[in-house]
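Reading through the structure tokens given below for one structure.
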Amino acid sequence: MRIGIDVGGTNTDAVLMDGTTVLAAVKTATTRDVTSGITTALDELKRQRAFDPAAVNAVMIGTTHFINALVEADRLAPTAAVRLGLPSTASLPPMVDWPERLVTAISGRAYLCHGGHEFDGRHIAELREDEILRVAEDIDRHGIRSVAISSVFSPVNAEFEQRAAEILAAQLPGIAISLSSEVGRMGLLERENATIINASLRELADRIVDGLAETLAAAGIRAPLYLSQNDGTLMDVDFARRYPVATFASGPTNSMRGAAFLSGVDTCAVVDVGGTTSDIGVLQNGFPREATTEVSVAGIRTNFRMPDVLSLGIGGGSRVRETGGEVTVGPDSVGYRLVERALVFGGDTLTATDVAVAAGRAEIGDPSLVRGVVDRSLAEAALQRIAEDIADAIERMRTSPDPLPVVAVGGGSILLPDSFGDSGRVHRPDHFAVANAIGAAIAQIGGMVDRIFPVEPGQRRAVLDAAKQEAVDRAIAAGAKPGSVRVVEVDEVPLAYLPGNATRIRVKAVGDLQVEAVRG
Amino acid sequence: MAELYITEADLDDLAAGAAILGTGGGGDPHIGRLLAGAAVRAHGPVRVTPLDRVPDDAATVMVAMMGAPTVMVEKLPSIEQVATAVRALARYLGVEFTHVVCAEAGGVNALVPVVAAAQLGLPVIDADGMGRAFPELQMVIPTLYGVTATPMAIADEKGNQGVFDTVDNHWAERLARSATIDMGCSAMIAIYPMGGATARKALVPGTVSLCAELGRIVREARAGHRDPVAAVADRLGGTELFTGKVVDVARRTEGGFARGEATLTGTGGDAGVEFTLRFQNEHLVAVRDGAVVASVPDLICVLDAETGAAITTETLRYGQRVRVIAAPCDPRWHGPEGLALVGPRYFGYDHDPVRIGSEVPA
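So the protein sequences, as listed, match chains B and H.
Numbered per this note's numbering, the first sequence finishes at 520, counting up by one with no gaps.
Numbered per this note's numbering, the second sequence finishes at 1362, counting up by one with no gaps.
Written out as structure tokens, the structure is:
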């Protein structure tokens, strides 16, 4: 048995699963300390379905706690950024593009040292131990407890980052060190930014992970604990302590994966219709497609792996208007005041929910307040508008001309038609209210490669195979069951102006969790 | 007339406009934008000299980044590196440069002159060598006037610098390209030194301020809920070629240049239309229902259908909703010598150019 828990900003959801069967599912309120909400959720699960805590093999938790700490600029540790790249990069030192408020919140200090690699692996400059020792002294003097190390082209060769980490660790016992080569991909500033954010969250990560472990132990659960990552794979608690930034987008990822799992399709578009917006993402082989562009978090440009999600201003509370014969839906919404403002609840505002009820799509509130009252052709026109806009957004998210099944979730999914173009019938899974927790519970272990490779003529296949093998090896090293690992994503982009047909290759492999024998 | 300055507040617009004139290439201006910001913060705003006010005895020099934009986002260039190239060339020629010139008004290279001018304390001329972005260094209007690329200087971030004095511009391209690779694929060059009188006739006027204006037009159109794409097409004296969605992108690399073709299918008024974009680093040829409707040397700009933001050839992908506009290039590119340098046949497309409208309104 596995337990999946999603700690959102508002709700903490939990599910108990045996293989692919949902045995129990609960929804409770999130608490400020996170852990007491989890305790409540575990108690509720037990009440719904008694289970032996010792029979639980694994607990998977998805949380928005870390991204919220950054957005609120709260609970962040004093952090140093050490970049290895001199004599290059000096004009744009670490945190050059950060909002001042966040630099202050982490008492950020930036250091530039020699080192770094060229695109082809040559050294820009040798690492100078004396420089790193001086940085260590200064870090110590300022009472900094967490360090982010970045090096030019470290995704190609991480040797300098690792060497600098060894020197700093020897000088500063107990210092937390985050390496950019482990956090992000090509693009120095964006990768470094993600690494500095990560470093500033390390102390919070320790506290949260300790708290989670204690909470589970108190509930008698001794199974290993995993946290959900942005890309829908798992990390163990040691990794979570070191790389809390990898949890940032786990919420939408778990939601999409959970919905797809419940529908039984692993390549699909997931449309989550809320009160104000519809979020549309695409799953390929069960994993969300990642955004290829830089993602800004709390005003900081980063490039870590985030799911590509398109938001439209259409939800259950969207206002419906008719002007000059044209019907519009949204983007403004009555939001959480739907239950007082919508016509079906006796309000005075025509919303998307009202037209769905008027057209007979759903029974919500008092249907007699809209049926025969709201003009039928207006209602049909509004629903047609919604269907077209959503269909359009799904089209934009598609990456191939093949038909893409659509999975609809969220309270506003009554607005959607029964089918979209060539997608066939829209899947509307049960249990979608706890899709996040299910997404956490079904997560697997992954391995990723993302680097520039020289591809000599005739060698493309061999280079791709080597990259795939490396991704598979990484998944196994991270704890995947060897026989179960498969490659789920391969992407190659030839790069302009580089010699040797340089190609950026990204490969992702995933496998089932190597669950330890049931203990106790 | 009040003197014009580029301040830090202008740089976002300048970068957004440069991405449009980049016609899909020229590299993401983001790093150039950050470097220019750092340079202007350190050295103050950059004075802009209108092309027709450049004196005869001025000594002008073009500056540009040479290499791979994908390397530049990793091994960040330095402000000093740009100035080093200019100083090396000044030493070789025994002149003091008085003005910095933009080599290409598209992509990252629209911002590099701002970096150089700030660091050197010189004005930048409101003009460029191409009126857009092109991939090779001989592809500038001054070439049509017999101005040679060399002597040119090249500098890396380590302090290495070199001067090439070559027999022709193709040798300059070839030697500079080799040196760039050895320098780690991201070098700064100072090139096409010109006297003021030559610069006045051989450059494309007004393109630095045009970049800033295009950025501002898009920003204001979006804020005012007006159509940013139509506003850009209007300002460039261009036409809208197509509205639709990318349905296929095929890429390959040949000799260091990314070549590819994107297939699009029409939406709205263009429903049923099939459209093809042929690109190398820049968008080069646009084909509508089998007929070439625009080509180099004119500008083919692919913009996000809603935001009006430029889409580069490297970020083109399935599903994007785009609008394609074509705009006239500097008319001198359409002469026989211009077409020999940058016409469709130079890029390997066996057809005559298809010319758009008239000149860019002043």
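Glycine is no exception: its CB is placed at the ideal position from the N, C-alpha and C atoms.
Owing to the predicted nature of the structure, the values given are computational and were not obtained by experimental measurement.
Where do the ends of the alpha helix (DSSP H) carrying residue i lie?
i, result
"H/H1030", "1030–1043"
"B/H65", "65–71"
"H/C1211", "1207–1223"
"H/Y1092", "1079–1093"
"B/R122", "Per DSSP, B/R122 belongs to no alpha helix (DSSP H) and is neither H nor E."
"B/M256", "250–263"
"B/S36", "35–48"
"H/P1336", "1336–1342"
Are there 16 or more other CB atoms within 10 angstroms of the CB of residue i, so buried, or fewer, so exposed?
i, result
"H/K1075", "buried"
"B/Y226", "buried"
"H/K1245", "buried"
"B/K508", "buried"
"H/T1307", "exposed"
"B/C268", "buried"
"B/Q384", "exposed"
"H/H1351", "exposed"
"H/G1037", "buried"
"B/D422", "exposed"
"H/E1080", "buried"
"B/Y243", "buried"
"H/R1226", "exposed"
"H/H1170", "exposed"
"B/G325", "exposed"
What does residue i pair with, by DSSP beta-bridge criteria?
i, result
"B/V295", "B/T302"
"H/C1185", "None; H/C1185 has no bridge partner."
"B/V273", "B/S278"
"B/S181", "Bridge partners of B/S181: none, in fact."
"B/F287", "B/Q284"
"B/S91", "Its beta-bridge partners do not exist; DSSP assigns none."
"B/M60", "B/G4, B/Y226"
I think residue i touches residue j, with their Cβ atoms under 8 Å apart; what is that distance to the nearest whole Å?
i, j, result
"H/F1242", "H/F1275", "5 Å"
"B/G479", "B/Q514", "5 Å"
"H/P1113", "H/V1063", "5 Å"
"B/A408", "B/V320", "Going by Cβ atoms, the distance from B/A408 to B/V320 rounds to 20 Å, so no, they are not a contact pair."
"B/T276", "B/G317", "6 Å"
"B/G274", "B/G411", "7 Å"
"B/V463", "B/V455", "5 Å"
"H/D1128", "H/A1103", "7 Å"
"B/T10", "B/T39", "Actually they are not in contact, since the Cβ atoms of B/T10 and B/T39 sit about 18 Å apart, beyond 8 Å."
"H/P1228", "H/R1235", "No, H/P1228 and H/R1235 are not in contact; Cβ-Cβ is about 11 Å, not under 8 Å."
"B/M1", "B/F51", "6 Å"
"B/A213", "B/P53", "Going by Cβ atoms, the distance from B/A213 to B/P53 rounds to 14 Å, so no, they are not a contact pair."
Quick check on the DSSP output: the beta strand (DSSP E) that includes residue i runs from which residue to which?
i, result
"B/N11", "11–18"
"H/Q1161", "1161–1164"
"B/D392", "From DSSP, B/D392 is part of no beta strand (DSSP E) but of the alpha helix (DSSP H) over 376–397."
"H/T1150", "Here H/T1150 belongs to no beta strand (DSSP E), and DSSP marks it neither H nor E."
"B/E131", "Run containing B/E131: none in the beta strand (DSSP E); it sits in the alpha helix (DSSP H), 129–141."
Output yes if chain H places a C-beta closer than 9 Å to the C-beta of residue i; else output no.
i, result
"B/F420", "no"
"B/E438", "One detail in the question is off: residue 438 of chain B reads as Ile in this sequence, not Glu. Not closer than 9 Å to any Cβ of chain H, the Cβ of B/I438 fails to qualify, so no."
"B/T89", "yes"
"B/M397", "yes"
"B/V15", "no"
"B/M256", "no"
"B/M95", "no"
"B/E388", "no"
"B/S484", "no"
"B/M186", "yes"
"B/L84", "no"
Between residue i and chain B, is the shortest Cβ-Cβ distance under 9 Å, so that the two count as touching?
i, result
"H/Q1320", "yes"
"H/G1357", "no"
"H/A1068", "yes"
"H/D1248", "yes"
"H/P1045", "no"
"H/V1324", "no"
"H/V1278", "A quick correction: the sequence has Arg, not Val, at residue 1278 of chain H. With 9 Å as the cut-off, H/R1278 does not count as an interface residue toward chain B."
"H/E1080", "yes"
Taking 8 Å as the cut-off, is the beta-carbon of residue i closer than that to any non-hydrogen atom of the ligand GDP?
i, result
"B/A219", "The ligand GDP is not part of the structure shown, which contains no ligands of any sort."
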